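For what it's worth, this note's numbering labels the leading residue of the sequence shown as 85, then goes sequentially. Below is one structure, written out as structure tokens; the observations come after it.
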Amino acid sequence: MFNSTATPLIIMLIVPFGLAGSALAFLMHGMSVFGFFSVIGALGMIGVVINDSIIMIDKLENDFDAEKIKTGINAWIASIASTKLRPVVVTTITTVVAILPTAYGAAGYDSMLAEMMLAMGWGLAFSTIITLLLVPSLYCLLIRFRLRRGSHV
Numbered sequence: 085m086f087n088s089t090a091t092p093l094i095i096m097l098i099v100p101f102g103l104a105g106s107a108l109a110f111l112m113h114g115m116s117v118f119g120f121f122s123v124i125g126a127l128g129m130i131g132v133v134i135n136d137s138i139i140m141i142d143k144l145e146n147d148f149d150a151e152k153i154k155t156g157i158n159a160w161i162a163s164i165a166s167t168k169l170r171p172v173v174v175t176t177i178t179t180v181v182a183i184l185p186t187a188y189g190a191a192g193y194d195s196m197l198a199e200m201m202l203a204m205g206w207g208l209a210f211s212t213i214i215t216l217l218l219v220p221s222l223y224c225l226l227i228r229f230r231l232r233r234g235s236h237v
């Protein structure tokens, strides 16, 4: 899809940050045991985060023009990435707002579902922030490397 080995690696680098956000949420809630349902929630969160990263990378790949960036790579990549800010943030906000009432028992508490929703909600919130910062930054490094190497950008 991306005709590169580096861009899927950039996408996959977001996964550990999402898992760290889930683990941090469990620790802040005093939970030290991660059950099966928390793993299911983490897998769901990883799917959404990877989707957000793919959206960002796809936009960067499609709109990138090597001739226009000779003067300012950072500004050009930032302007491209800013066009995907709204879709990524809206996806995250709607998912987190829908999930967290179940995690905190707004309409009744179920410990198994609470684990799943905590892992998914807080992991997604944490990793989306990282996605919006890390993916364009790593893509910028990749473009700089490609330009320095003289390969096709």
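Ideal Cβ placement from N, Cα and C applies to all residues, glycine included. Note that the structure is predicted; figures quoted are calculated from it, not measured.
Taking Thr186 as the centre and dropping the five residues before and after it, the same chain places the C-beta of Leu197, Met201 closer than 6 Å to its C-beta, in chain order. In the DSSP assignment, Ala190 forms a beta bridge with Gly192. Proximity of the stretch 175 to 195 to the stretch 88 to 101 falls short of the contact definition, fewer than three beta-carbon pairs being nearer than 8 Å.
The Cβ-Cβ distance between Met96 and Leu208 does not fall below 9 Å. For Thr167, there is no enclosing alpha helix (DSSP H), as DSSP marks it with neither H nor E.
Setting aside the 5 residues that flank it on each side, Cys224 is surrounded in the same chain by Ile157, Asn158, Ile161, each with a C-beta closer than 7 Å to its C-beta; the list follows chain order.
For Asn146, the enclosing alpha helix (DSSP H) stretches over residues 120 to 147. Under the DSSP assignment, Gly114 falls outside any alpha helix (DSSP H); it carries neither an H nor an E label.
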